[in-house]
Amino acid sequence: MKKAYMFLHLAVLLAGFTGIFGKLIDLNQIVLVFYRTLLASGMLGLILLFSKNKRKYQLKDILPIAATGLVITLHWIFFYGSIKESNVSIGVVCFCLTGFFTSLLSPLINKRKFDKYELLLSLLVLLGIVLIFSFDTTYRYGIFLGIISSFLASLFTILNEKLIDKYNVWDINFYQILTATVFSGILVLVFKQLQPSLIIVPTNMDWINLIVFAFFCTVLMYTFMLMAQRYVPAFTINLSFNLEPIYSILLAILIFHENKSLSPTFYIGCGFIVLSIAIQMLTLARRRNLASSK
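The sequence shown lines up with residues 40 to 333 when you count with the working numbering.
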């Protein structure tokens with residue numbers, strides 16, 4: 040059990056590095072997503088090749104998985120675009136809006152009632168983003184891209200829930216990333232025609248970062264999460280991943296010294312977001328304890 044929790048927190052820490060690599064790698068966000076998914080799909084393909092549990096999929100099975108692959112591709116492009124137009128801290132803080140969009144989209148897509156408590160907590164996050172957006176005019180375009188990325192991340196999560204019940208998670212991940220490779224590759228070709236100066240060949244340093252990024256922050260992170268899921272409840276896993284933005288901000292301060300370029304309103308806005316996460320974690324833990332005591 041201790042090993043399972045160790046794997047879980049390693050997965051969350053690796054997830055925190057995704058924004059860091061988005062800043063480290065000099066490539067345009069679309070080119071970055073293409074190479075990341077190309078390398079990751081190759082690595083996952085090798086894992087599945089030697090897997091004992093192989094399943095043949097028909098086109099009707101692959102199409103809904105591929106559709107979510109398109110959504111996650113667009114999310115990554117806007118997420119890394121947000122980081123490149125602002126910084127890591129802004130990008131990951133905007134990502135916290137995923138909960139707000141989920142509280143609105145999930146009832147509409149799944150045809151259930153709106154949860155007032157979820158909406159109130161999400162509004163607290165929204166208040167934090169509005170504070171940052173209103174007073175810090177330096178990164179408004181980056182914030183705008185980050186808001187779109189969080190909307191797409193929310194949509195992806197909701198659509199993905201239905202797939203997990205029907206298909207093997209490794210297969211889902213492989214086909215989604217493979218779709219992302221094809222889609223982002225097409226976008227790279229289109230943008231290269233529109234913008235001939237677009238750099239599409241990584242430098243030696245970018246290649247190193249891309250390989251590390253694809254292996255550690257995609258394949259290994261996902262492996263650790265699956266290993267943890269065997270023993271750790273989904274509830275605990277979801278709560279633990281609330282720490283991802285906090286890890287990313289701390290890493291960005293340590294590596295890029297982003298604290299020097301952030302205004303006081305950023306920290307006030309972050310305070311509201313952290314408060315909402317803390318309330319959510321405490322409330323969910325209390326609900327779980329009450330449920331287990333009955």
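Think of the CB as a built atom: it goes at the ideal place given N, C-alpha and C, for glycine as much as any other residue. Keep in mind the model is a prediction, meaning the values are calculated, not measured.
1. For Ala-192, which residues from the same chain have a beta carbon less than 6 angstroms from its beta carbon, with the 5 sequence-adjacent residues on both sides left out?
2. Within this structure, are the beta carbons of Asp-245 and Arg-94 separated by less than 8 angstroms?
3. Between the segment 219 to 228 and the segment 168 to 181, do at least 3 Cβ pairs fall closer than 8 angstroms?
4. Can the beta-carbon of Leu-31 be found less than 8 angstroms from the beta-carbon of Phe-213?
5. Which word fits Gly-185, buried or exposed, when buried means at least 16 other C-beta atoms lie within 10 angstroms of its C-beta?
6. Tell me whether the beta-carbon of Val-125 lies closer than 8 angstroms to the beta-carbon of Ile-182.
7. From the DSSP output, in three-state form, read off Lys-99 for me.
8. I need the DSSP call for Lys-91, collapsed to helix, strand or coil.
9. Ordered along the chain, which non-local residues of its own chain (more than five positions away) have a Cβ less than 8 angstroms from that of Asp-154?
10. Could you work out which residue in Leu-321, Ile-294 and Ile-285 is closest to Tyr-306 when comparing CA atoms only?
11. Please identify the residue among Val-132, Thr-304 and Val-251 whose C-alpha is closest to the C-alpha of Ser-189.
12. Select from Lys-299, Leu-198, Phe-56 and Ile-104 the residue whose C-alpha is nearest the C-alpha of Leu-144.
13. Could you say if the segment 54 to 73 and the segment 238 to 257 meet the contact criterion of at least three C-beta pairs nearer than 8 angstroms?
14. Taking just the CA atoms, how far does Arg-75 sit from Tyr-261?
15. How would you write the range of the alpha helix (DSSP H) that Arg-179 sits in, first residue to last?
16. Could you please give the first and the last residue of the uninterrupted alpha helix (DSSP H) stretch that includes Ser-337?
17. Quick one: give me the first and last residue of the alpha helix (DSSP H) that Ser-223 is part of.
18. Going straight from the alpha carbon of Ser-128 to that of Ile-203, what length do you get?
19. What does the alpha-carbon distance come out to for the pair Phe-280 and Val-51?
20. What residue does the alpha helix (DSSP H) around Asn-243 start on, and which one ends it?
21. Mapping DSSP to helix, strand and coil, what is Ser-315?
22. Taking the alpha-carbon positions, what's the Gly-120 to Leu-329 distance?
23. What distance in whole Å lies between the Cβ atoms of Ile-111 and Phe-195, which are believed to be in contact at a cut-off of 8 angstroms?
24. Is it right to say Met-45 is buried, meaning 16 or more other beta carbons lie within 10 angstroms of its own, or is it exposed?
25. Would you kindly work out how many angstroms separate the C-alpha atoms of Ala-253 and Ile-69, rounded to a whole number?
26. Let me know the secondary structure DSSP gives Lys-299 once reduced to three states.
Reading off the structure:
1. Excluding its 5 nearest sequence neighbours in each direction, Ala-192 has C-beta neighbours in its own chain below 6 angstroms: His-114 and Thr-137, listed in chain order.
2. Not a contact, by the Cβ cut-off of 8 angstroms.
3. no
4. Since the first residue shown for the chain is 40 and the last is 333, residue 31 is missing from the structure and cannot be characterised.
5. buried
6. Checking the sequence, you will find Ser at residue 125 rather than Val. For Ser-125 and Ile-182, yes; Cβs fall inside 8 angstroms.
7. helix
8. coil
9. Ser-142 and Pro-146
10. Comparing Cα positions, the closest option is Ile-285.
11. Val-132
12. Leu-198
13. yes
14. 14 angstroms
15. 179 to 203
16. No answer is possible for residue 337: it lies beyond the span of the chain, which begins at 40 and ends at 333.
17. Note, Ser-223: alpha helix (DSSP H), 208 to 233.
18. Each residue's CA atom was taken as its position, placing Ser-128 and Ile-203 some 31 angstroms apart.
19. 6 angstroms
20. 243 to 253
21. helix
22. 43 angstroms
23. 5 angstroms
24. exposed
25. 15 angstroms
26. helix
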